[in-house]
Amino acid sequence: MTLWPEAKSVIMLAMNYGPENDPLDLLERRDRAAISVYARNRDYHDLVKKRLKQVARWLAETSGAEVKVFVDTAP
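For the sequence shown, counting from 1, position 59 maps to 62 in our numbering; every step adds exactly one.
Pasting the structure below:
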């Protein structure tokens, strides 16, 4: 399986992008609609990609490596 033909290395990172407060607490409130967590917050693709681009910029500047950033939607 080829991720990217020119790739020599892959760095995989994980990030907790969940909300600070437990969203299950809101389910007990009958005066509020039950809206899925992903629909109430910013798109995690944008959050994770922003952080990955910071890491990629640092990696490129310190090592001279070419970098590509993907967040579970590519290649």
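For glycine and all other residues, C-beta sits at the position ideal for the given N, C-alpha and C.
With contacts defined by Cβ atoms closer than 7 Å, N44 and P22 form a contacting pair. The DSSP-derived three-state label of S39 is coil. Counting only the Cα atoms, D34 lies some 42 Å from V58.
Minimum Cα-Cα distance from K11 among the listed residues E69, N19, L62 and D46 corresponds to E69. Proximity to A17 across L6, L29, Y47 and V40 peaks at Y47, based on C-alpha coordinates. Between V51 and V74, the CB-CB gap stays under 7 Å. Here DSSP, grouped into helix, strand and coil, assigns V72 to coil.
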